[in-house]
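**Q** Using full-length UniProt numbering, the first residue of the sequence shown is number 1, and each one after it goes up by one. Quick one: the structure is below, questions incoming.
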Amino acid sequence: MKEKVLVGMSGGVDSTITSLLLKEQGYEVEGLYMKLHSKPGYHEIHQARAQKAADFVGIKLHVLDLQETFNEKVFQPFIDTYAEGKTPNPCALCNRNLKFGEMIKFADEIGAQYLATGHYIKTDGEYLYAADDDTKDQSYFLFYINREILPRLKFPLGERHKKDIKELAASIKGLESFSSQAESSEICFVETTYTDLLKDYVKVDQVGEVLDQEGNVVGEHKGYMHYTIGKRKGFTVHGAHDPHFVLSINPEKNQIVVGKKEDLACYDVKLNNLNMFDDRKEFDTTVKLRYRTKAVKCNVKIENDVAYLKLEESVFGVAVGQAAVFYDDDKLIGGGWIIES
Ligand SMILES: Nc1ncnc2c1ncn2[C@@H]1O[C@H](COP(=O)(O)OP(=O)(O)OP(=O)(O)O)[C@@H](O)[C@H]1O
Numbered sequence: 001m002k003e004k005v006l007v008g009m010s011g012g013v014d015s016t017i018t019s020l021l022l023k024e025q026g027y028e029v030e031g032l033y034m035k036l037h038s039k040p041g042y043h044e045i046h047q048a049r050a051q052k053a054a055d056f057v058g059i060k061l062h063v064l065d066l067q068e069t070f071n072e073k074v075f076q077p078f079i080d081t082y083a084e085g086k087t088p089n090p091c092a093l094c095n096r097n098l099k100f101g102e103m104i105k106f107a108d109e110i111g112a113q114y115l116a117t118g119h120y121i122k123t124d125g126e127y128l129y130a131a132d133d134d135t136k137d138q139s140y141f142l143f144y145i146n147r148e149i150l151p152r153l154k155f156p157l158g159e160r161h162k163k164d165i166k167e168l169a170a171s172i173k174g175l176e177s178f179s180s181q182a183e184s185s186e187i188c189f190v191e192t193t194y195t196d197l198l199k200d201y202v203k204v205d206q207v208g209e210v211l212d213q214e215g216n217v218v219g220e221h222k223g224y225m226h227y228t229i230g231k232r233k234g235f236t237v238h239g240a241h242d243p244h245f246v247l248s249i250n251p252e253k254n255q256i257v258v259g260k261k262e263d264l265a266c267y268d269v270k271l272n273n274l275n276m277f278d279d280r281k282e283f284d285t286t287v288k289l290r291y292r293t294k295a296v297k298c299n300v301k302i303e304n305d306v307a308y309l310k311l312e313e314s315v316f317g318v319a320v321g322q323a324a325v326f327y328d329d330d331k332l333i334g335g336g337w338i339i340e341s
């Protein structure tokens, strides 16, 4: 009997080609479109595209409405994190709870041994690895998925390049339109800017004080949620000639503290809520403290679900709330959430 794979189908080119490749490899493939966020008009278009893709590949498409779960596990934490003066990472939460949480539950329900997505990432069933196409690598956002499910995951695009996937779709009669669709934005539920979105839920635009490191008021800002650590624009510093950067954010007082670039330099970082793919408690590795930054060498000590990092070189602008992800070369060995830097 053929082995069954459930493919997460978003209506985009990547998941369409993923389902096609798996079908060609001889699997019994079924697709799932999940209604995640509640952006008006979004699902009508994307569900129809996913259906078109499923019809082309010749597979069944299931649809699940997970808007409530998404709101509770991803969207509300996104709002709350900004309100706490921190910088959220909704994609990592969505991957753990929805794409590799609810979706694996659904795979169980339909008797599918495997779950596949069009993410650019690789796995050997034990670890995750950065994708071969480093312009598209999404491994950073998958660091928080449950370790137990790794043997059940398939990522057919991990060894391919996005441009080849688009070319392949363009060359297949019936799939040409998928190759020319706009790339999805970094946070799928943000239409314009995150502050525009936040405005519907919390008071974003409240003018506040800019302080120097001694606590003197030196200028004005637009409201603390407009800023992340390391930002250098959008606030005034009276009489300043050099650029100033946000060093810390105080949500209770609606204040931001600013300083020079060198004041941002950080060598020590503390993480909690770890998700590790191996059991070492003290090791040398490299860490990415943001998406699209180079991984820096560090030493890690783990005690009671808290990781203490000593960086070998300074990093500028480490934001509380963001994910810190460990890599031994391209092997992802785990990570956690930044609570102090
Ligand atoms: N609404 C959804 N329902 C089911 N699966 C989804 C959904 N959104 C994303 N996925 C799965 O997660 C993968 C990565 O999602 P991402 O949002 O990063 O899309 P992408 O890189 O633009 O891929 P695609 O071209 O398939 O949209 C998709 O390829 C798909 O397998």
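Glycine included, every Cβ here is placed at the ideal spot set by N, Cα and C.
Nearer than 7 Å: is that true of the beta carbon of LEU32 relative to any heavy atom of ligand 1?
**A** Indeed, a heavy atom of ligand 1 lies less than 7 Å from the Cβ.
**Q** Tell me, which residues are paired with GLU252 by DSSP?
**A** The partner list for GLU252 (beta bridge, DSSP) is empty, contrary to what the question assumes.
**Q** Under the assumption that ILE145 contacts ASN216 (Cβ atoms under 8 Å), give the Cβ distance between them as a whole number of angstroms.
**A** That pair is no contact at about 45 Å.
**Q** For ALA107, which residues does DSSP report across the bridge?
**A** DSSP output for ALA107 lists no bridge partner at all.
**Q** Between the C-alpha atoms of ASN71 and HIS37, what's the straight-line distance to the nearest angstrom?
**A** Cα to Cα, ASN71 sits roughly 7 Å from HIS37.
**Q** My assumption, with CB atoms under 8 Å, is that ILE256 sits in contact with PHE283. Please give the rounded CB distance.
**A** Wrong, their Cβ atoms sit about 35 Å apart, outside the cutoff.
**Q** Are there 16 or more other CB atoms within 10 angstroms of the CB of ASN272, so buried, or fewer, so exposed?
**A** By the 10 Å Cβ count, ASN272 comes out exposed.
**Q** The alpha helix (DSSP H) that contains HIS43, what's its start and end?
**A** 42–57 is the span of the alpha helix (DSSP H), which, as asked, contains HIS43.
**Q** So, for SER341: in the same chain, excluding its five sequence neighbours on each side, which residues have a beta-carbon less than 6 Å away from its beta-carbon?
**A** The residues are CYS266, VAL269 and VAL318.
**Q** To the nearest angstrom, how far is it from the Cα of VAL296 to the Cα of GLY334?
**A** Each residue's Cα considered, the two are about 15 Å apart.
**Q** Residue ranges of each beta strand (DSSP E) run of no fewer than 3 residues wholly in the segment 51–97, ordered along the chain?
**A** Segments of the beta strand (DSSP E) lying fully in the segment 51–97: 60–65.
**Q** Let me check you understand the geometry: is the CB of THR69 closer than 7 Å to at least one non-hydrogen atom of ligand 1?
**A** For ligand 1, not one heavy atom lies less than 7 Å from the Cβ of THR69.
**Q** Could you give the residue range of the alpha helix (DSSP H) that holds TYR227?
**A** It is not in any alpha helix (DSSP H) - TYR227 carries neither H nor E in the DSSP assignment.
**Q** Output needed for ASP132: all residues of its chain with C-beta closer than 6 Å, excluding positions within five of it in sequence on either side, in chain order.
**A** Correct list, in chain order: GLU159.
**Q** For GLU3, name the three-state secondary structure that DSSP assigns.
**A** Looking at GLU3 - three-state DSSP - the assignment turns out to be coil, as it is neither helix nor strand.
**Q** From the DSSP output, in three-state form, read off VAL13 for me.
**A** Helix, per DSSP.
**Q** Going by the CB atoms, is the gap between GLY259 and LEU274 shorter than 8 Å?
**A** Contact flag unset, no.
**Q** Do LEU168 and ILE17 have their C-beta atoms within less than 8 Å of each other?
**A** Contact flag set, yes.
**Q** How many Å lie between LEU142 and LYS310 at the Cα?
**A** Approximately 23 Å between the Cα atoms of the pair.
**Q** Using 7 Å as the cut-off, classify the Cβ of HIS62 as near or not near the heavy atoms of ligand 1, replying yes or no.
**A** No.
**Q** Below 8 Å on the Cβ atoms is my contact criterion, and I expect ALA112 with VAL5 to pass it. Report the Cβ-Cβ distance as a whole number of Å.
**A** So it is a contact: roughly 6 Å between Cβ atoms.
**Q** I want to check one thing, is the minimum distance from the CB of CYS188 to the heavy atoms of ligand 1 below 7 Å?
**A** Checking every heavy atom of ligand 1 against the Cβ of CYS188, one is found closer than 7 Å.
**Q** Does ligand 1 have a heavy atom nearer than 7 Å to the CB of GLU191?
**A** It does not: the Cβ of GLU191 is nowhere closer than 7 Å to a heavy atom of ligand 1.
**Q** Which residues in the same chain as THR117 place their Cβ atom closer than 6 Å to its Cβ, once the five residues preceding and following it in sequence are excluded?
**A** These residues qualify, in order along the chain: GLY8.
**Q** To the nearest angstrom, report how far apart THR193 and GLU102 are at their CA atoms.
**A** Their Cα atoms are separated by approximately 28 Å.
**Q** Of all the alpha helix (DSSP H) runs that stay within the bounds of the segment 112–188, which reach a length of 4 or more residues?
**A** Within the segment 112–188, the complete alpha helix (DSSP H) runs of at least 4 residues are 162–171 and 176–179.
**Q** If I follow the unbroken beta strand (DSSP E) through LEU271, where does it start and stop?
**A** From DSSP, the beta strand (DSSP E) with LEU271 extends over 265–276.
**Q** Would you kindly check if the distance between the Cβ of GLY11 and the Cβ of SER19 is under 8 Å?
**A** Contact flag unset, no.
**Q** Give the range of the alpha helix (DSSP H) segment to which THR195 is assigned.
**A** It spans 194–198 - the alpha helix (DSSP H) in which THR195 sits, taken as one unbroken run.
**Q** Ignore the nearest five residues each way along the sequence and tell me which others in PRO156's own chain have a CB closer than 7 Å to its CB.
**A** So the qualifying residues of the chain are THR18, LEU21, LEU22 and ALA116.
**Q** Measuring CA to CA, which of ILE110, ASN299, ARG147 and ALA107 is closest to THR123?
**A** Nearest of ILE110, ASN299, ARG147 and ALA107 to THR123, Cα basis: ARG147.
**Q** Measuring only from the beta carbon, is GLN51 closer than 7 Å to any heavy atom that is part of ligand 1?
**A** GLN51 Cβ: outside cutoff for every heavy atom of ligand 1.
**Q** Is GLU28 helix, strand or coil by DSSP?
**A** Reduced to three states, the DSSP call for GLU28 is strand.
**Q** What is the DSSP secondary structure of GLY215, reduced to helix, strand or coil?
**A** Correct three-state label for GLY215: coil.
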